[in-house]
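Residue numbers (this note's numbering): 32 to 319. Heads up, the beta-carbon is just placed ideally off N, CA and C, and yes, glycines get one too. Report on the structure given below.
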């Protein structure tokens, strides 16, 4: 962090990952900000800066405040208003225009005409990833994954006709919601996973990581979202697809990085999702 004539700035250095994909996401971050979505303003970025050993360098405005994870103890009314504003901000993000569902690489270039086709491609990639993982899964989890991939493809085809693409954050949870000192919403942070997908995807992580113990937060979040963006058609059916996609992706990821606690949590949720034919998801039923 440093002070400048433009105010306080923060610099980030990219240490790993595909630089081309990172640059595409930074372009999208800037486009989202230009549409008035409350995210930090990017002042500049370069794929290779000599200042940081020819690594990716990002310079953005520094926003004061604290993330919502550190604000859980605020009065309930304050947190309720923060959830309302976060929901409204997410609806604004989903309102940024896009023409199609994103490609399989960055998720931000022209890819698929329908959500069913996009999910089908993802199912193929996941099936290949699980196959390459070999014997790292026990027989029960292998069966869940196999059944889940088939179920996911079928459910996606059933809702595809009503799904329109949107810019989705895909990592909405308390540490990525910035509040000011009084607990008022300031911004959505860390658009490192942003893609053009079904906007309902953005409700899965909040449900798992924000609302399970605080279902009334979900009610305020939904009210804020509806105040700006209305409500998605076939909500429950699309949430079933979004939940399955998140869980099947997550089991593969947490297995790969060997986070046993997160892996077991995702396997548990996947088991419920598969056995209920996608009906039992993660969203608090009272919220909508």
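Bridge partners of residue 92 according to DSSP: 40. Per the Cβ contact rule, the stretch 217 to 236 is in contact with the stretch 195 to 205 (3 or more Cβ pairs under 8 angstroms). Given a length threshold of 4 residues, each whole run of the alpha helix (DSSP H) inside the stretch 158 to 203 is given here in chain order: 170 to 190. Taking 8 angstroms as the cut-off, the Cβ atoms of residue 214 and residue 113 count as close. Along the length of the stretch 193 to 267, whole beta strand (DSSP E) runs at least 3 residues long occupy 197 to 199, 208 to 210, 216 to 219, 226 to 228, reported in chain order.
With a threshold of 16 other beta carbon atoms within 10 Å, residue 95 falls short and is exposed. Looking only at 279, 300, 138, 289, the smallest Cα-Cα distance to residue 161 is reached by 279.
Considering only 118, 129, 85, 103, the residue with the shortest C-alpha distance to residue 66 is 129. For residue 141, the uninterrupted beta strand (DSSP E) run begins and ends at 141 to 143, by DSSP.
For residue 46 and residue 311, the gap between their C-alpha atoms comes out near 39 angstroms.
Three or more pairs of CB atoms, one per stretch, sit closer than 8 angstroms, so the stretch 49 to 61 contacts the stretch 118 to 138. Assignment of beta-bridge partners to residue 73 by DSSP yields 91.
Under the three-state reduction of DSSP, residue 86 is assigned to strand. Between residue 186 and residue 238, the C-beta gap is not smaller than 8 angstroms, which leaves the two residues out of contact.
By the Cβ criterion, the stretch 143 to 157 is not in contact with the stretch 115 to 127, since fewer than three pairs of Cβ atoms, one from each stretch, lie closer than 8 angstroms. In its chain, beyond the 5 residues on either side, 69, 94, 96, 209, 210, 211 have a beta carbon closer than 8 angstroms to the beta carbon of residue 217.
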